[in-house]
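The next block holds one structure in the form of structure tokens; read it before the comments.
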């Protein structure tokens, strides 16, 4: 579905070849963005297209097939993309479409109502300026309670460079600032209200695959504790390992963590019930209520571990209700929780070091101080006072403060999240540097992650899965042989990073979740089975991995064509020069030479040279024609 905001018109385009070449979700978005976005534009130009594509399996009975991907040229200047769950992926499919391509810029604030018959362009002036909760309330009252709504808040309207697109009240397309892109188009919201049926090629075959995948997910060793605790299952583990981003990555763990921000404390004092995204058997989401204190009566979604690691550790808020409130502020303003926390932490450390005077803010911000932290969040969300500068993000703001670069925690313009690489250098940490959307933790996730502590190495990490657990991991045998040293119980980090990146592309293209019970059991061969049953295709695990490799390379090429180079693949200086304390002792700084060596080995495995330039033979093998030669 192609939507022209300037002309307030729409049309449809169908290309059946794209189904097997680019699947759906992030893969399809990458192809469209790479092919049709000018390289020299500003991210806020009207020529920056916004693509929203549901996963290829979304809306079906396949377990966890509910997710959706939004993609555009990011306000960072590089490839921008974000994934969200809830009901929006299925809602797009029920409108009889796979993908939405939003072109141009409106001449007035608009919202779109999309159903199986087309697009209705509606005036949004009465909701422009409202927060996302108010917007969803208003539009549901107007368009129906069953409408699925993606909207932006004041942060997106005002061009905060890490603004999110909120999916309903609590889900979001959080990272890379796509809410600001939507705001630059004067597009306040998109409502989906379709009732089309999804065509299934072979219903019996799909039902059989559905049961197979469901059984595998529920048999996973990680199913029970993920169902009970959700993402909070790792909260206490991360504290014990000393990998928290405490006080802007200056404190790896907290003595009273389990009593105040741990998983059992949360479960005992705040959790009311669990719930799930559509078609999900795990049900890892929580609904919580505060029963006492200043926030008594507050009900909300959470606690997610990202919230507690960012607000609870990075900003040192010890009270869960305060974390709830700050996260809700982010959701209402429409801002990425991770980037917002990072920006606030950066402001506080600048103040501590005397680089910003209290008079410039109007109050003294401090770690652990709810009042000052919540005020800073609001200032950034409204771009008021000092929030005007820091709404540009850390990469831009640090240029105004000489000497701040070592503790400006961003990579490629995206603020770093949740884990300290000095506490644990592994596949996930290498992923912070190499993934194509910037300093992020969700685009390279190993299916054989080991949560025990281990001595730092740069080439290998431990492999602790039992033979039975490893058998349940749906990974091509050739990959197991080249990446896993099973007799020595080791994983080769650069090779696992490459495979994990491709696995995440496939999950985000199929519309599947990445929680451990899925990540550890559903891989390329099972995704191929489900895809073939739905679409009457004949893909296999190898052809899917080739699609994923092509997609990663296209994203990388786009970034290079926008000026990114090998020097951008670097942690902030703090991680190479400063030790960090944790309850088990001290973590030493990273060795820059070893980190750079792992990056070069990853480049080599990808078929790129030491500078990250894609070799001609790799382009030929993946059938990629560089954009500049078109």
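Numbering (the working numbering), first residue to last: 228 to 857. Virtual Cβ for every residue (Gly too), placed ideally from N, Cα, C. A quick note: this is a predicted structure, and the numbers were derived from the prediction, not measured.
Next on the checklist: Suppose you measure from the CA of residue 838 to the CA of residue 827; what does that come to, to the nearest Å?
Outcome noted: 8 Å
Item to check | Length of the line joining the Cα atoms of residue 856 and residue 774 | outcome: Model confidence at residue 856 stands at a pLDDT of 46, short of 50, so the residue's coordinates are unreliable and nothing is read from them.
Item to check | Bridge-paired residues (DSSP) for residue 516 | outcome: 526
Next on the checklist: Among the candidates 284, 657 and 618, whose CA atom is the shortest distance from the CA of residue 819?
Outcome noted: 657
Checklist entry - In terms of residue numbering, what span does the beta strand (DSSP E) encompassing residue 295 cover? => result 295 to 300
Item to check | Cβ-Cβ distance between residue 532 and residue 525 below 7 Å | outcome: no
Next on the checklist: I'd like the list of long-range same chain contacts for residue 505, defined as Cβ closer than 7 Å, with 5 residues on each side in sequence excluded.
Outcome noted: 293, 314 and 317
Checklist entry - Less than 7 Å separating the beta-carbons of residue 796 and residue 660? => result yes
Checklist entry - Who are the Cβ neighbours of residue 373 in its own chain at under 8 Å, not counting the five residues just before and after it? => result 420
Next on the checklist: Using the three-state DSSP reduction, which class does residue 457 fall into: helix, strand or coil?
Outcome noted: helix
Checklist entry - What is the C-beta distance between residue 271 and residue 256, in whole angstroms, given that I count them as a contact (C-beta under 8 Å)? => result Not really, about 19 Å apart at Cβ, beyond 8 Å.
Next on the checklist: If I measure Cβ to Cβ from residue 263 and keep anything under 7 Å in the same chain, skipping five residues before and after, which residues do I get?
Outcome noted: 276
Checklist entry - Nearest to residue 295 by alpha carbon, out of 791, 770, 823 and 736? => result 736
Checklist entry - What span of residues does the beta strand (DSSP E) with residue 812 cover, start to end? => result 812 to 814
Item to check | CA-to-CA distance, residue 434 to residue 357, given in whole angstroms | outcome: 43 Å
Checklist entry - When the Cβ atoms of the segment 695 to 712 are set against those of the segment 722 to 731, are three or more pairs found closer than 8 Å? => result yes
Checklist entry - Taking three-plus beta-carbon pairs below 8 Å as touching, is the segment 582 to 597 in contact with the segment 359 to 376? => result no
Next on the checklist: For a minimum of 4 consecutive residues, which ranges assigned as the alpha helix (DSSP H) are wholly contained in the segment 346 to 418?
Outcome noted: 359 to 370, 381 to 384 and 405 to 411
Next on the checklist: Does the segment 781 to 794 come into contact with the segment 457 to 464, if we say contact requires no fewer than three beta-carbon pairs (one atom in each stretch) closer than 8 Å?
Outcome noted: no
Next on the checklist: With a threshold of 8 Å, are at least 3 pairs of Cβ atoms found where one atom belongs to the segment 561 to 573 and the other to the segment 440 to 451?
Outcome noted: no
Next on the checklist: Can you tell me which residues form a DSSP beta bridge with residue 340?
Outcome noted: 347 and 418
Checklist entry - Is it the case that the Cβ atoms of residue 701 and residue 752 are separated by a distance below 7 Å? => result yes
Checklist entry - When DSSP labels each residue in this structure, what does residue 643 get in the three-state scheme? => result coil
Item to check | Spatial neighbours of residue 734 in its chain, beta-carbon cut-off 7 Å, leaving aside the 5 residues before and after | outcome: 741
Item to check | Collapsed DSSP secondary structure at residue 839 in the structure displayed | outcome: coil
Next on the checklist: Across the segment 375 to 390 and the segment 557 to 565, are there enough close Cβ pairs to call them in contact, namely three or more that are closer than 8 Å?
Outcome noted: yes
Checklist entry - Pairing CB atoms from the segment 762 to 781 with CB atoms from the segment 842 to 853, are three or more of them under 8 Å? => result yes
Checklist entry - Is residue 817 helix, strand or coil by DSSP? => result coil
Checklist entry - Taking three-plus beta-carbon pairs below 8 Å as touching, is the segment 493 to 509 in contact with the segment 599 to 611? => result no
Checklist entry - Which same chain residues, not among the five before or five after residue 541, have their C-beta less than 6 Å away from its C-beta? => result 472, 568 and 572
Checklist entry - Could you check where the alpha helix (DSSP H) with residue 631 kicks off and where it finishes? => result Counting along the chain, residue 631 falls outside any alpha helix (DSSP H), and DSSP gives it neither H nor E.
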